[in-house]
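As structure tokens, the structure follows; a few thoughts come after it.
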Amino acid sequence: MSWWTDRHVFLLAVIAYGLSAVYSLFLWRKGFRKDDYINYGVLLAGMILQTKAMFMRGLTLKECPVHNLYEAMTFVDWTIVAVYLVIGLWPPVRYLGAFAAPVIFAIGVFALMPGLDPAHTGLTPLAANDLVSLHAALTLLSYGAFGLSSVAGVMYLSQEHDLKFHKLRAVFAVMPPIDRLEKITSRLLWAGFVLLTAGLALIPFLLKGRPEFHVASDPKMIWSALVWCLYLALLVLHGRFAQSGRKFAWGAVASFAFVVLTFWGVNLLSPTHKF
Amino acid sequence: MPLVVIGLSHHSSPVTVRERFAFAEAALPGALQELRDAGLAREAVILSTCNRVEIYAESDLPEGQAITRLRQFLLDYHKVQEPPGVEMYARGGRQGLEHLFKVACGLDSMVLGETEILGQLKKAYETSLRHRHTGGVLNKAFQKAFHVAKKIRTETNIQRGSVSVGSVAVELAERLFSTLSEHPVMVIGAGETSEKTARALLSRGAHSILVSNRSHERAVELARELDGRAVSFDDWAAEFPRIDILISSTSAPHCILDRARLEPLMKARKNRPLLLIDIAVPRDIDPSVNFLDNVYLYNIDDLQAIAGDYLRQRREEIARCEAIIAEKAGAMMRPASSSQAGAAAPLPGLGKASA
Chain V
-11 MSWWTDRHVF LLAVIAYGLS AVYSLFLWRK GFRKDDYINY GVLLAGMILQ TKAMFMRGLT
49 LKECPVHNLY EAMTFVDWTI VAVYLVIGLW PPVRYLGAFA APVIFAIGVF ALMPGLDPAH
109 TGLTPLAAND LVSLHAALTL LSYGAFGLSS VAGVMYLSQE HDLKFHKLRA VFAVMPPIDR
169 LEKITSRLLW AGFVLLTAGL ALIPFLLKGR PEFHVASDPK MIWSALVWCL YLALLVLHGR
229 FAQSGRKFAW GAVASFAFVV LTFWGVNLLS PTHKF
Chain D
1048 MPLVVIGLSH HSSPVTVRER FAFAEAALPG ALQELRDAGL AREAVILSTC NRVEIYAESD
1108 LPEGQAITRL RQFLLDYHKV QEPPGVEMYA RGGRQGLEHL FKVACGLDSM VLGETEILGQ
1168 LKKAYETSLR HRHTGGVLNK AFQKAFHVAK KIRTETNIQR GSVSVGSVAV ELAERLFSTL
1228 SEHPVMVIGA GETSEKTARA LLSRGAHSIL VSNRSHERAV ELARELDGRA VSFDDWAAEF
1288 PRIDILISST SAPHCILDRA RLEPLMKARK NRPLLLIDIA VPRDIDPSVN FLDNVYLYNI
1348 DDLQAIAGDY LRQRREEIAR CEAIIAEKAG AMMRPASSSQ AGAAAPLPGL GKASA
């Protein structure tokens, strides 16, 4: 089946994520009252399909598939689902999947947009090697962790709002306590921050011997530094200055929204990230 | 003769009557022996709780006669000259079996769906079993009742949620904090409801309880009962930075905690989430404090609304529970394998359904 490519398999994964997003709406309408395995199962099925798609692409390229926006987006999507599937094993956090499914689906649909997956020519601005793959993988994993932290932040805000305004759903829903949600958001942010720091720390090694590329003149590198500062500020404000849980959750959501909304444009402007 | 049940409960009699028919736990084996010695029952279980006294029996006597003599036994045993207001009920056959199932599931309880009765029923059965007062009929009926109770608990929402102010407060605390043991509780005003609420929190892991009351002696007394610490009423604000849950029920005519007073206290608490349970009327806590970040205020109406909604949900489950009970009782009354045996006789001892 020569016409059957890894993109078709990824399309099936996105369909599974779409089903999960629709099902999540029903769960939300019902008030998340019972532990639900169906959504977890559907996301697991989607993740298996996506892993297969990424594996197929990796075998074709014979390296980590992180060379264009399609591959970058699928990597972020995969990270969000994979981390959710691990922490979703704990029943009270399983409904995180209902909040994550629309985000995962949206990123998947965006990745499938035409023009984001040009054929891999090998003519990349920076010579393809293990260090480039490691840099890309680490930074994309960090965006996945930031993505899931923003989802946990949305869950926190929803539960906090229901508790604050005495909505019956606050007590009827099978949700983790808000202090636990705050911890989950914080830990995911820390994980993302460490991964991003490690990814960015490789940049000097990647640019070694390439004087034509300057960190200060590359919008993507300035943007990455800005994102790093943004998350550092968020973590410091929360850890050192007792920023309230609500503001912290809003910070996690807004920061990831900034990353998602500017990622594509900044990549187009960057001389080192054109493929 | 089929299984018969005779007794009185909160549905039929006030506590002033029920208390006269209660069996002390230590007296149960003797009472069961008397029942059997008098030829009233071949097998018997006596259930005696604060809300009901019931005898479940299997007898050689015809149903009507068994019921009359069991009723007389209850009156004679407790030396009661039948007073006005004694409303005993009796059920036989399938109705008796369904009644047992309903009791086990909490459908017949004062607090619909409560689970304590199942433990009491098991204890009553075990007492009878231990003293060899049960046999094939009651063993089968009680084992089935426990099975039905488990099925109903897992398949319906009859036992879901909290239906008292204290347990709703606990549930709210558990929505904010993962472990109550790490979150100190302060009780201001040592009233009955605040005491019950504090006890409910203790039962779920809270252990650091501070009690403050206008009468310091009462605060000391309650603190001792709750294994906590009494705090002078004038100093409760000084302890505030430590606590995460406040239960307030003073008789003060005005608010003792408002936004202006709470704002600096929240800063001292480093903005940790704070649950305020205001069960006082008039209210102790100004409602505007709920607008502060990380403050969650619930008054008595809010708690009762949640409890009421849970109760409404439980009531909606009654029909589902009754359907399960009818099905299970029906299955038990049917011949074990009518298709194989071709017989229409009921299982030995369980009898036919009463009309």
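Protein chains in written order, with my numbering: chain V, -11 to 263; chain D, 1048 to 1402.
Cβ coordinates follow ideal geometry from the N, Cα and C atoms, glycine included.
For Asp167 (chain V), the closest Cβ of chain D is nearer than 8 Å. Less than 8 Å divides the Cβ of Lys208 (chain V) from the Cβ of Asn255 (chain V).
Secondary structure note for Met1233 (chain D): its beta strand (DSSP E) is the uninterrupted segment 1232 to 1235.
For Tyr58 (chain V), the enclosing alpha helix (DSSP H) starts and ends at 57 to 75. Shown here, Asp1291 (chain D) sits in coil according to DSSP, grouped into three states, outside any helix or strand. Around the beta carbon of Gln1190 (chain D), fewer than 16 other beta carbons lie within 10 angstroms, which makes this residue exposed. At a cut-off of 8 Å between beta-carbon atoms, Gly187 (chain V) makes no contact with chain D. In terms of beta-carbon proximity, Pro1320 (chain D) lines the interface with chain V, with at least one pair separated by less than 8 Å.
Listed by position along chain V, the residues whose Cβ is nearer than 8 Å to that of Glu1218 (chain D) are Val159. In this structure, Val1052 (chain D) sits away from Arg1118 (chain D), with a CB-CB distance that is not shorter than 8 Å. Look at the stretch 1349 to 1362 of chain D: the residues with a C-beta under 7 Å from a C-beta of chain V are Asp1349, Ile1353, Asp1356. Taking 8 Å as the Cβ-Cβ cut-off, the stretch 222 to 251 of chain V approaches chain D at Ala230, Gln231, Ser232, Gly233, Arg234, Lys235, given in chain order. In the DSSP assignment, Gly1139 (chain D) forms a beta bridge with D:Val1051. Taking all protein chains shown into account, Arg228 (chain V) has fewer than 16 neighbouring C-beta atoms within 10 Å of its C-beta and is therefore exposed.
By the CB criterion at 8 Å, Gly1208 (chain D) and Gln1351 (chain D) fall outside the cutoff. For Lys1149 (chain D), the number of other beta carbons within 10 angstroms of its own is at least 16, and it is reported as buried.
Here the stretch 1159 to 1169 of chain D makes no contact with the stretch 1075 to 1082 of chain D; the two share fewer than three CB pairs at distances below 8 Å.
For the set D:Glu1110, D:Glu1134, D:Glu1145, D:Leu1087, the Cα lying nearest the Cα of Met1379 (chain D) is the one of D:Glu1145. Gln1167 (chain D) is a Cβ neighbour of Leu1094 (chain D), given a cutoff of 8 Å.
Of all residues in the stretch 1217 to 1237 of chain D, only Glu1218, Leu1219, Glu1221, Arg1222, Leu1223, Phe1224, Ser1225 come within less than 7 Å of chain V when Cβ atoms are compared, listed by chain position. The beta-carbon of Asp1340 (chain D) is placed less than 8 Å from the nearest beta-carbon of chain V. Nearest to Pro1311 (chain D) by alpha-carbon distance, out of D:Val1342, D:Pro1334, D:Arg1330, D:Thr1174, is D:Val1342.
Beta-bridge partners of Asp1333 (chain D) (DSSP): none assigned. Sixteen is the threshold: when 16 or more other Cβ atoms of the shown chains lie within 10 Å of the Cβ of His123 (chain V), as they do, the residue is buried. Sequence-distant Cβ neighbours of Gly132 (chain V) in its own chain, meaning closer than 6 Å and more than five residues away, are Val64, Thr67, Ile68. Legend: CB atoms of the stretch 121 to 155 of chain V lying less than 7 Å from CB atoms of chain D belong to residues Leu151, Lys152, His154. Taking 8 Å as the CB threshold, Asn1337 (chain D) lines the interface with chain V. Remark: C-beta atoms of Ser137 (chain V) and Ala240 (chain V) approach each other more closely than 8 Å. Three or more pairs of CB atoms, one per stretch, sit closer than 8 Å, so the stretch -2 to 9 of chain V contacts the stretch 31 to 38 of chain V. Between Tyr1345 (chain D) and chain V, the shortest Cβ-Cβ separation is below 8 Å.
Using a Cβ distance threshold of 8 Å, Arg1089 (chain D) and Gly1182 (chain D) count as a contacting pair. Following the DSSP letters along the chain, one finds Arg1118 (chain D) inside the alpha helix (DSSP H) bounded by residues 1110 to 1124. Looking at the DSSP output, Glu1101 (chain D) sits in a beta bridge with D:Gly1054, D:Leu1094. Straight-line spacing of the CA atoms in Pro1049 (chain D) and Asp1356 (chain D) works out to 40 Å. As the crow flies, the alpha-carbon of Met42 (chain V) is around 14 Å from that of Leu129 (chain V).
In the DSSP assignment, Val1342 (chain D) falls within the beta strand (DSSP E) that extends over 1342 to 1346.
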